[in-house]
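Take a look at the structure set out below.
Numbering (full-length UniProt numbering), first residue to last: 1 to 439.
This is the structure:
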């Protein structure tokens, strides 16, 4: 355990650049490993989750190396040519690595054992194994459909048309990745749009993929057996990482922060829209497009936030950002109501319960419902803080970072029980905070 107290330290000032987008980083490695030839990637997030993906792909035949300048090179094996791994694939804490790689392996004639840490081993995998089983893959799972899990892939697999029962970019992506090596057309019907990095990037790598609207739903189709072409990728900054600094700048008086190179894919940028609805000053500077993804620098200044009713329809575009939104709502004026957030109960932790418990212990007024939180804000006044009792983060990086930000707007600070999980997605989180606090 590495506990740390986070306390008020004055206005946040300056310019920072957050690490590369985690979703795009995972996919850059995976698609590069399936292309024939050399893919180069700059801006890759070098956190533990992405490194777990790299290690798994190396064990299945891809050559992945990093130069001293931070450029990564992936020599791929080609679609259909993944090799039998010699040992279990250790996914650490990464649900994205696990679910997407399950899709890749499912349509290859190999067997792989997926393992993970205590937190990941509690997360449900049945939502992925069900459609992949329809394609012909076989699974042996732990009780409850969790890790450790044995997957026996099949080639040729069977193309399917699958309607997502819950909004999940990971399930969608797993099916599409299995479809890459499956003769015929594999389709995913998406009643609610989710992040679309997989679709954008697979098309960029040369896959025959198309998206249609039918009866208000997105139908994503992919034709196997695909041949992917190597690419040069510049990964934009992760909006989920930028979210912590954006909220900190909004709620700490006197703050004025520029966050450079933030990816603003509309399926990911819901938090910034909600914060603007609450009265937040978030200005997009130098908007541009990088590798098919919209990017801008964000200038964020302290603002008097007001509580709102958050439209549940926006949840898929900011599902990972609700913990930090709860912090912003705790010091806003009036009441913030969220709903439709059942998915938060099966993340790295039960994020609804974990954030409600942590913020209440820090002096916030919160009522927990089955699918959301109702938060009565302080109107800009600081929270009392957590005295000497540490908040429990449940090995969840986003709980740890959210409560670190909350500590900046308390009277006595907040002790976070363990900061180690932050390294899974944001290794330089604390140094960037120190930089802004130094002005």
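Even for Gly, the Cβ is constructed at its ideal location relative to N, Cα and C.
- Task: Express the C-alpha separation of residue 120 and residue 249 in angstroms, rounding to a whole number.
- Result: 31 angstroms
- Query: When burial is assigned at 16 or more other CB atoms within 10 Å of the CB, is residue 15 buried or exposed?
  - Reply: exposed
- Message: Going by DSSP, what residue range makes up the beta strand (DSSP E) through residue 6?
- Response: 4–6
- Task: For the alpha helix (DSSP H) containing residue 32, list its first residue and its last residue.
- Result: 22–34
- CB-CB length for residue 152 against residue 137, believed under 8 angstroms: 7 angstroms
- Message: I'd like the list of long-range same chain contacts for residue 366, defined as Cβ closer than 6 angstroms, with 5 residues on each side in sequence excluded.
- Response: 356, 359, 360, 373 and 375
- Message: By the DSSP assignment, the alpha helix (DSSP H) with residue 264 in it spans what residues?
- Response: Neither: residue 264 is in no alpha helix (DSSP H) and is coded neither H nor E.
- Item | Residues of its chain near residue 435, where Cβ-Cβ distance is below 7 angstroms and the 5 sequence neighbours each way are ignored | 14 and 16
- Determine the extent of the beta strand (DSSP E) in which residue 16 is found, giving its start and end residues. 13–17
- Under the DSSP definition of a beta bridge, which residues are partnered with residue 190? 218
- Query: For residue 173, which of 30, 5, 61 and 214 has the nearest alpha-carbon?
  - Reply: 30
- Query: Taking the alpha-carbon positions, what's the residue 41 to residue 207 distance?
  - Reply: 19 angstroms
- Could you spell out the range, first to last residue, of the alpha helix (DSSP H) harbouring residue 99? 95–106
- What's the gap between the Cα of residue 415 and the Cα of residue 430? 14 angstroms
- Task: Please state whether DSSP places residue 415 in a helix, a strand or coil.
- Result: strand
- Item | Closest residue to residue 191 among 179, 25, 212 and 202 (Cα-Cα distance) | 212
- Task: For residue 278, count neighbouring C-beta atoms within 10 Å of its own C-beta (all shown protein chains included) and say buried if the count is 16 or more, exposed if not.
- Result: buried
- When 407, 403 and 200 are compared against residue 421, the one with the closest alpha-carbon: 403
- Query: If we count Cβ pairs, one from each stretch, closer than 8 angstroms, do we get three or more for the segment 257–267 versus the segment 219–227?
  - Reply: no
- Please confirm if the segment 83–92 is in contact with the segment 49–65, defined as three or more CB-CB distances below 8 angstroms between the two stretches. yes
- Item | Rounded C-alpha distance that separates residue 259 from residue 20 | 13 angstroms
- Task: Using the DSSP secondary-structure output, state which residues sit across from residue 208 in a beta bridge.
- Result: 223
- Message: Once DSSP output is grouped into helix, strand and coil, what is the label at residue 91?
- Response: coil
- Query: Which class does residue 308 belong to by DSSP, given the choice of helix, strand or coil?
  - Reply: coil
- Quick one: does the C-beta of residue 242 sit closer than 8 angstroms to a heavy atom of the ligand HEM? For the ligand HEM, the structure offers nothing, since it holds no ligand at all.
- What does DSSP give as the partner residues of residue 237 in its beta bridges? 20 and 262
- Got a sec, what are the start and stop residues for the beta strand (DSSP E) residue 285 sits in? 281–290
- Message: Contact between the segment 288–303 and the segment 334–351 is defined here as three or more beta-carbon pairs at a separation below 8 angstroms; is this criterion met?
- Response: no
- Item | Three-state class that DSSP yields for residue 163 in the structure shown | strand
- Message: For residue 292, which residues in the same chain have their Cβ closer than 7 angstroms to its Cβ, ignoring the five residues on either side in sequence?
- Response: 200 and 204
- Item | Residue from 346, 307 and 330 with nearest C-alpha to residue 336 | 307
- Message: Within 8 angstroms, do at least three Cβ pairs link the segment 32–41 to the segment 230–239?
- Response: yes
- Query: With respect to the beta strand (DSSP E) encompassing residue 374, which residues constitute its N-terminal and C-terminal limits?
  - Reply: 372–376
- Item | Presumed contact (8 angstroms Cβ cut-off) between residue 427 and residue 69, rounded CB distance | In fact, because the Cβ distance is near 18 angstroms, the residues do not count as touching under 8 angstroms.
- Query: Does DSSP classify residue 294 as helix, strand or coil?
  - Reply: strand
- Message: With distance defined between alpha-carbon atoms, name the residue in 209, 139 and 180 nearest to residue 196.
- Response: 209
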